[in-house]
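The structure appears right after this line, and notes come after that.
Chains as they are written, first to last, in this note's numbering: chain P, 595 to 775; chain C, 595 to 775; chain L, 595 to 775; chain W, 595 to 775; chain S, 595 to 775; chain V, 595 to 775.
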């Protein structure tokens with residue numbers, strides 16, 4: 595019998611507990627989940643501080659930590675392309691075949707729906723706290739971010755000096771103290 | 595005797611009556627008009643909902659509907675390029691030779707003027723209502739947009755499920771209900 | 595009743611009588627034909643001497659010369675992209691919807707077949723003589739190429755100084771008289 | 595104690611037994627191996643018939659089939675970039691940190707060596723038969739290719755109709771029966 | 595003895611007295627300075643009005659005007675790339691080897707620091723007035739900008755009709771008088 | 595009185611005595627020469643072993659060594675673009691204004707001629723020996739290449755370990771000992 599595969603895409607800046615919960619939840623619905631790490635080309639900005647490689651490592655270790663069997667998922671970094679109408683074809687090229695898409699993003703929803711896919715909104719868990727925005731905010735302001743993420747994220751952020759990276763990137767450029775613009 | 599050709603560029607998101615009126619008007623001045631469909635690579639956003647192919651089809655049928663003779667125009671989709679200084683050369687590569695440019699856009703005006711072209715501002719008709727922004731606003735808010743566009747646009751928007759596409763794209767992403775950013 | 599549209603792609607370097615015959619033939623099978631001018635980004639080489647704009651102009655005038663009604667075709671320049679698996683989606687973005695593909699190219703055939711399209715090999719007419727290769731060869735060697743192409747091609751090649759362009763491009767670079775490589 | 599990670603890159607068109615043997619061998623030397631699937635953007639050619647997604651799936655299943663523990667490897671598709679001098683930085687962006695590179699390719703060897711990496715040539719097993727070239731040759735000529743690859747490759751080639759894809763791509767274009775070039 | 599080289603990057607829209615002062619200052623610290631002209635691909639916008647070539651010419655003449663010996667500097671136009679993590683490698687490819695980076699930009703600072711470079715903030719001189727923003731503001735409002743720039747900038751802005759270019763680009767598009775957006 | 599500027603483009607892999615002689619010769623004809631270092635994006639191949647930065651450094655030092663006054667030349671790295679018809683516009687964007695082009699390349703000749711430039715073939719000196727191909731051949735085969743290049747090239751090839759780079763790149767990949775292809 596052929597396996598039922600689903601697609602789930604997120605920027606994972608960084609990987610947090612909400613991602614792990616959603617992955618567990620979708621695995622109740624499909625045999626295998628393809629996890630696309632979105633905006634793979636971005637890093638070293640306040641909104642996208644971590645490289646694709648760092649995020650692949652966070653997610654791989656976090657899934658292992660959560661005893662999710664490897665035969666149940668694929669992790670694929672995905673670069674943005676500028677052509678919305680071509681994006682689903684690009685995703686298909688980079689992934690094993692899938693029949694279902696899990697997304698809360700209206701553009702992704704619409705694009706795959708136009709291609710005939712079954713699209714579902716995944717459940718969100720404690721969205722107030724479990725968001726990349728919240729985690730990055732806490733990292734920058736020395737608040738407790740560690741409780742929102744798996745141990746793997748804590749370890750790798752430390753290994754790549756992530757907190758300092760974020761703080762450095764938040765500094766104002768001297769020349770931004772301009773008189774007018 | 596050599597033909598006098600003019601260039602006119604617009605995003606045509608979607609094709610509306612103002613485009614048809616401007617094309618008719620410019621054809622009083624030149625023998626043939628090259629109509630560039632701008633930002634051809636964009637689609638599926640609130641500002642640029644339709645694909646290049648959909649826009650080519652709208653315009654081709656609308657001109658036919660308006661009895662504009664085909665031997666008088668060329669329709670060419672044009673992708674944006676990031677290099678302003680190179681853009682006129684790119685346009686020239688994609689089009690038959692032309693000597694006149696019709697544009698109300700200051701950048702396009704300046705770029706072609708620096709290349710030695712004769713640049714004219716085309717007349718605008720009832721600009722309050724005849725703009726892509728107004729048409730898209732009405733589409734999204736169930737107001738009367740059909741009166742602003744040729745029948746071809748009505749037909750093709752219907753064929754490609756365009757109103758629903760626009761409404762779907764206007765939905766908020768759940769994760770945008772964030773505490774902070 | 596919805597129109598049946600077909601897709602036909604060729605580099606048209608330059609437009610010759612074989613293209614016109616194939617277009618006429620396919621129009622017996624579909625209501626409208628979308629003619630993609632392939633490798634639109636290429637020009638000024640021995641194999642691809644003419645720009646996309648020059649080829650659009652040749653084809654538009656040649657179809658008019660042959661009394662093919664404009665409401666039956668679309669002409670769309672198409673740049674190559676490097677990703678085969680994404681190419682059909684790119685073509686779809688740039689064109690009106692179509693259900694049938696006419697091609698003699700095994701890659702194009704396979705790619706559209708994998709996307710579920712009905713693919714047919716178009717008839718070829720007097721392939722010995724009616725090929726772009728043959729036309730370019732004759733242009734370069736001052737043989738009779740004019741009999742192989744529509745009048746529009748003769749006119750435009752003359753307008754853009756095409757024979758001299760081809761001959762200039764065929765010159766050897768002095769530095770190619772190298773001792774070794 | 596920090597983990598020792600190595601990098602190994604191959605096009606894997608398709609994954610064959612030589613790949614599996616090399617991965618097993620390198621895992622004697624490092625704790626974790628990052629396996630880059632090279633030329634990820636290519637597919638549907640005689641030399642590169644399979645998509646990145648198909649190759650990721652082949653390799654993931656083949657490693658599982660061979661009981662290689664998932665905590666020991668990462669699989670990352672890698673698109674070619676045209677700038678050799680920038681390529682190692684691109685690889686680093688897409689991968690977890692690594693200190694050792696396994697490669698038999700002189701360019702990859704030189705590029706990483708210039709960046710200060712420890713580069714080793716991996717062992718090759720029965721190179722006469724265990725090469726992608728040989729496997730693709732046998733696929734095309736109905737010889738026994740199945741014995742050269744893991745069961746996962748056999749299964750996925752069948753699932754994606756790979757043999758027929760290869761045979762279709764090997765057909766001559768009619769227009770290639772040209773008189774001269 | 596090997597030379598000590600430093601890197602300094604600026605958009606130089608246009609070259610002003612602050613740039614010259616900083617270059618002089620950094621030359622007290624290194625033997626040779628590599629001056630990268632950033633965002634080389636941009637021109638003809640209000641923020642980036644001048645082409646890379648125009649900026650190269652301004653800077654070359656201004657340094658000569660200031661009697662800075664040519665054997666002490668290199669001027670290299672540098673296009674932006676979208677991948678932060680790869681950018682230092684791109685800069686290295688385009689420049690002679692260097693060991694020190696002068697920058698007030700937090701991203702550039704962080705990126706080169708992660709690659710192990712010695713990064714220093716260059717001194718800023720009279721930052722209130724000596725900024726590209728201030729110079730462009732004055733150009734547009736017919737205030738005294740000439741006192742803020744070297745004679746070379748005055749000459750070249752005049753040669754390329756720069757003030758009029760800036761004023762033309764600042765015009766509103768008629769279609770921007772829209773009712774809603 | 596306005597300066598007369600000329601353009602000269604070469605890959606300079608590496609800079610040799612022929613380049614220096616041609617530059618000296620063209621400077622008899624124009625006030626300033628813009629020297630484009632072509633294929634700037636390429637490096638680490640047998641045909642293009644050196645990076646743009648290395649070539650800029652070679653040329654800058656070689657011109658200084660030859661007492662060519664810096665106020666007489668500009669050195670600009672130029673990446674290849676794939677669109678011939680757009681290439682002259684790209685060159686113009688990256689360079690100070692020029693009115694004359696020196697080239698022995700038929701394509702460059704034709705492209706600039708179509709844009710209305712005065713194009714001249716530069717003199718070639720002892721072309722048998724003074725070619726990049728010859729220099730690279732001798733580097734690879736331990737013959738006397740040093741006599742064909744300026745001292746700057748000898749120094750920089752040594753500084754960047756260029757001979758070994760070339761020899762490493764010339765090695766066969768083990769997997770190229772394939773049975774069939």
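Heads up, the beta-carbon is just placed ideally off N, CA and C, and yes, glycines get one too.
Backbone CA spacing between residue i and residue j [nearest angstrom]
i	j	result
residue 698(W)	residue 697(V)	40 Å
residue 689(L)	residue 660(L)	23 Å
residue 700(P)	residue 603(P)	13 Å
residue 657(L)	residue 754(C)	29 Å
residue 760(C)	residue 682(L)	24 Å
residue 762(V)	residue 605(W)	22 Å
residue 680(P)	residue 705(L)	15 Å
residue 630(L)	residue 703(L)	15 Å
residue 626(L)	residue 601(L)	9 Å
residue 740(P)	residue 642(P)	18 Å
residue 730(W)	residue 751(W)	11 Å
residue 777(P)	residue 651(P)	In the structure as shown, chain P starts at 595 and stops at 775, and residue 777(P) therefore has no counterpart that could be examined.
residue 723(P)	residue 636(W)	41 Å
residue 597(P)	residue 764(V)	47 Å
residue 748(C)	residue 757(C)	10 Å
residue 719(V)	residue 732(V)	18 Å
Contacts that residue i makes with chain L (C-beta to C-beta distance below 8 Å)
i	result
residue 677(P)	684, 687
residue 666(C)	By Cβ distance, chain L contributes nothing, its closest Cβ being about 10 Å from residue 666(C), past 8 Å.
8 Å Cβ cut-off: residues of chain V touching residue i
i	result
residue 736(W)	Simply none; closest approach about 15 Å.
Any C-beta of chain L under 7 Å from that of residue i
i	result
residue 710(V)	no
residue 621(W)	no
residue 680(P)	yes
residue 720(V)	no
residue 773(C)	Only weak support exists for where residue 773(C) lies, its pLDDT of 40 falling under 50; the coordinates are left without a value.
Residue-level contact to chain C via CB, residue i, 7 Å cutoff
i	result
residue 600(P)	no
Within-7 Å CB hit, residue i to chain W
i	result
residue 645(V)	yes
residue 672(P)	no
residue 605(P)	no
Closer than 7 Å to chain S by CB, residue i
i	result
residue 725(P)	no
Chain-ordered neighbours of residue i on chain W, where CB pairs are closer than 7 Å
i	result
residue 660(L)	Simply none; closest approach about 21 Å.
Partners in chain W for residue i, counting only beta-carbon separations shorter than 8 Å
i	result
residue 704(L)	638, 759, 762, 763
Contacts of residue i in chain C (Cβ-Cβ under 9 Å)
i	result
residue 701(P)	638, 639, 762, 763, 767
residue 651(L)	668, 689, 690, 691
residue 654(L)	664, 665, 668, 690
Min CB distance residue i to chain P below 7 Å
i	result
residue 612(S)	no
Item to complete: Would you be able to state if there are at least three C-beta pairs under 8 Å between the region 640-652 of chain S and the region 616-629 of chain S?
Response: no
Worksheet item: Three or more beta-carbon pairs under 8 Å between the region 700-711 of chain C and the region 669-689 of chain C, yes or no?
Response: yes
Discussion item. Pairs of beta-carbons, one from the region 607-614 of chain S and one from the region 672-681 of chain W, closer than 8 Å: are there three or more?
Written reply: no
Worksheet item: Any residues in the region 625-642 of chain P with a beta carbon nearer than 8 Å to a beta carbon of chain S? Which ones, in chain order?
Response: 635, 636, 637, 638, 639
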